[in-house]
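Start counting the sequence shown at 2; every next residue gets the next number (the numbering used here).
Worksheet: the structure to be examined is printed underneath.
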Amino acid sequence: MPATISPSILSANLAYLERDLRACESAGADKIHIDVMDGRFVPNITFGPVIVKTCKKITRLPLDVHLMIVEPEKHLEAFVEAGADAITVHYETCPHIHRTLQRIRDLGAAPGITFNPATPVEGLRYLAGMFDLVLIMSVNPGFGGQKFIPSALAKLRDTQRLLQEIGSEAVIQVDGGIDARTIAPAYAAGARDFVAGTAVFGHAGGIGAGIASLREALVK
Ligand code: DX5
Ligand code: ZN
Numbered sequence: 002m003p004a005t006i007s008p009s010i011l012s013a014n015l016a017y018l019e020r021d022l023r024a025c026e027s028a029g030a031d032k033i034h035i036d037v038m039d040g041r042f043v044p045n046i047t048f049g050p051v052i053v054k055t056c057k058k059i060t061r062l063p064l065d066v067h068l069m070i071v072e073p074e075k076h077l078e079a080f081v082e083a084g085a086d087a088i089t090v091h092y093e094t095c096p097h098i099h100r101t102l103q104r105i106r107d108l109g110a111a112p113g114i115t116f117n118p119a120t121p122v123e124g125l126r127y128l129a130g131m132f133d134l135v136l137i138m139s140v141n142p143g144f145g146g147q148k149f150i151p152s153a154l155a156k157l158r159d160t161q162r163l164l165q166e167i168g169s170e171a172v173i174q175v176d177g178g179i180d181a182r183t184i185a186p187a188y189a190a191g192a193r194d195f196v197a198g199t200a201v202f203g204h205a206g207g208i209g210a211g212i213a214s215l216r217e218a219l220v221k
């Protein structure tokens with residue numbers, strides 16, 4: 002299965018968002034990852050639907066919205082209306098995850114489910130068919146530029162095995178500390194969609210070089 006790259010605009014230069022998104026497009030990025038943080042579930046505060054709407058005007062790439070917020074069900078409609086193509090919610094924030102995933106699907110977006118580093122993925126077993134993407138967090142969510150947590154590799158393998166067991170074809174995404182060194186082990190462990198902030202927008206050679214270096218690391 003081919004690998005997809007999803008640059009996270011958390012590390013983009015927001016004063017030049019249009020320029021940065023266009024550079025992602027020309028460099029062959031597959032999606033744009035938007036990190037929504039509320040200062041409650043995670044310590045940081047970032048973007049709301051307004052930024053999703055702005056991105057929608059700039060790019061044709063699918064918008065992959067990662068909700069790091071409490072009570073995400075209250076905001077699903079607003080994010081879909083703003084242009085979210087996929088919405089990923091945290092298992093830790095959803096006491097009624099089955100209903101929340103169904104709601105995302107009913108609104109016309111692709112549902113995703115994500116797990117903090119220490120949260121077991123076993124709950125997926127009872128949600129077959131309800132999600133199109135599983136995001137394994139390889140850092141504690143809240144900030145860009147953190148170090149990849151090595152135990153995420155075992156968790157990726159466990160997730161891949163579990164998805165096979167339940168007959169799910171959902172894509173496994175990984176987010177946090179993905180760079181030219183960590184991307185290949187994450188691929189080998191089962192990840193197929195790679196969120197990257199620092200490695201794309203912080204690359205010394207620019208955005209195009211950042212995306213190219215991730216792809217090169219995958220074929221080595
Ligand atoms: C972390 C966010 C990530 C972050 C990744 O809470 O979910 O998407 O932007 O940033 P890097 O690639 O710098 O670790
Ligand atoms: Zn994210």
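Even glycine gets a Cβ: it sits at the ideal position worked out from N, Cα and C.
The model shown is predicted, which means the values in this text are computed figures rather than measured ones.
Nearest to residue i (by Cα), restricted to the options the options
i	options	result
Thr60	Val122, Met138, Ile98, His34	His34
Ser7	Tyr17, Asp31, Leu15	Asp31
Ala181	Ser169, Gly211, Leu164	Gly211
Val220	His91, Pro186, Gly203	Pro186
Ala87	Gln103, Ala24, Pro96	Gln103
Thr5	Phe202, Gly203, Gly209, Tyr188	Tyr188
Ser152	Ala190, Leu163, Ser9, Ile10	Ala190
Asp21	Glu217, Gly209, Pro121	Gly209
Pro96	Leu108, Val71, Glu217, Ala111	Val71
Asp194	Leu136, Leu164, Ile150, Gln165	Leu136
Start-to-end residues for the alpha helix (DSSP H) that takes in residue i
i	result
Pro142	Premise fails: Pro142 is in no alpha helix (DSSP H) and is neither H nor E.
His99	98 to 107
Ser27	18 to 27
Gly206	Careful: Gly206 lies outside any alpha helix (DSSP H) and carries neither H nor E.
Thr55	50 to 59
Ala155	153 to 167
For residue j and residue i, believed in contact at Cβ under 8 Å, the rounded distance
i	j	result
Ser139	Gly113	About 15 Å; that fails the 8 Å criterion.
Leu157	Val172	That belief does not hold up - the Cβ atoms of Leu157 and Val172 are roughly 12 Å apart, past 8 Å.
Ala79	Val66	Going by Cβ atoms, the distance from Ala79 to Val66 rounds to 11 Å, so no, they are not a contact pair.
Distance cut-off 8 Å: residue i Cβ against heavy atoms of ligand 2
i	result
Asn12	Inspection of the sequence shows that residue 12 is occupied by Ser rather than by Asn. Checking every heavy atom of ligand 2 against the Cβ of Ser12, none is found closer than 8 Å.
Val53	no
Val90	no
Val196	yes
Asp159	no
Met131	no
Ile76	Checking the sequence shown, residue 76 turns out to be His, not Ile. The answer is no for His76.
Asp86	no
His34	yes
Contact under 9 Å by Cβ, residue i with residue j
i	j	result
Leu68	Thr89	yes
Thr199	Gly124	no
Arg100	Glu82	no
Ala28	Ala213	yes
Pro118	Val43	no
beta-carbon residue i near ligand 1 non-hydrogen atom, thresh 8 Å
i	result
His204	no
His67	yes
Ser9	yes
Asp176	yes
Val43	yes
Phe144	yes
Unbroken beta strand (DSSP E) run spanning residue i, endpoints
i	result
Phe195	194 to 197
Leu64	64 to 69
Ser87	For clarity, residue 87 is Ala in the given sequence; the question names Ser instead. Start and end: 87 to 91.
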